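Contents: one structure, followed by commentary.
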Amino acid sequence: MSYFMVDIESDGPIPGDFSMVCFGAVLVNDALDTTFYGKLKPISEKFNPDALAVSGFSREKTMCFDDPKEVMLEFEEWIKEYSKGRPVFISDNNGFDWMFICWYFHHFTGKNPFGYSSRRLSDLYCGLEKNTFAQWKHLRKTEHTHNPVDDAKGNAEVLLHMKKEMGLKISLK
């Protein structure tokens, strides 16, 4: 299995009605140097200015981003290129990030290379700590900037910490 830490930024709360602005992914390995970054043109007229502001982009700027279908096809190829075995999607907030990635894959390509499941970083950490309120964000080394590649990398650093220092049984091939 290959683990891919993913983070997305959007201009609203749900895919379809709103758009994924950009996303980043990091192949989880010791180097954390294999990354993907996609910026997607809006798919809807609707957007929430406060949500969009988190990404740091203006609506006008996003209108010049890449065709979502092309970005998702490129992401699918990147996943295939770097997967050894089944690719596993993992994120800080997979209820949000997964929702957008899964919807975009199915809408634009007809399938999702990650299948039908994902993992949530926080749940793994809480399980290792045996504490549903355990906090883990202090373990990031890369600053959380809302650039999705930076944020995915910081989260991947936490997953590696969990493997090396906390005994998480995970195979990173």
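Just so you know, the sequence shown maps onto residues 314 to 486 in our numbering. We treat Cβ as the ideally placed atom computed from N, Cα and C, and that holds for glycine. All figures in this text were calculated on a predicted structure; none of them were measured in a lab.
Using a Cβ distance threshold of 8 Å, F427 and F402 count as a contacting pair. Inter-residue distance for T347 and C415 is about 21 Å (C-alpha atoms, whole angstroms). If you check the CB distance, I392 and P400 come in under 8 Å. L434 sits close to L472, with the two beta carbons spaced by under 8 Å. A direct Cα-Cα distance of roughly 32 Å separates L386 from L481.
The DSSP assignment places no complete alpha helix (DSSP H) segment of no fewer than 4 residues inside the region 327–354. Note: M318 is bridge-paired with V339 and I403 in the DSSP secondary-structure output. Within the region 430–457, the runs of alpha helix (DSSP H) that reach at least 4 residues and sit entirely inside it are, in chain order, 434–442.
Straight across, the Cα-Cα distance linking H419 with K477 is about 35 Å.
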